[in-house]
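In UniProt numbering, the protein residues as written are 1 to 89.
Below is one structure; the comments refer to it alone.
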């Protein structure tokens, strides 16, 4: 539980430092409305992985933005938000 607490503290600080408007250059990926659907998040990340080395840059080489609605309806809301926060580490 201490690791999760540290992750949340770090994420809070990181988000405080970010401007409210980010300018992201292409290519980039935009994802929204996960609603706690962890399986969908994993599928999205697998699609990013499959594009590695192709004309579409992979997830680790391009800016990716995840817009809101990370949690609520799905069973795995905590898992979704934790995985997304880990990508910003």
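Where a beta carbon is used, it is the ideal one built from N, C-alpha and C, also for glycine.
These figures come from a predicted structure and were not determined experimentally.
Tell me where the beta strand (DSSP E) around residue 63 begins and ends.
63 to 67
Taking DSSP as the reference, what is the three-state secondary structure of residue 11?
helix
How many Å lie between residue 88 and residue 73 at the Cα?
24 Å
Evaluate residue 67 with the Cβ neighbour count: other Cβ atoms within 10 Å of its Cβ, from every protein chain shown; 16 or more gives buried, anything less gives exposed.
exposed
Tell me which residues share the same chain as residue 24 and place their Cβ nearer than 6 Å to its Cβ, disregarding the 5 neighbours each side in the sequence.
63
By DSSP, does residue 31 sit in helix, in strand, or in coil?
strand
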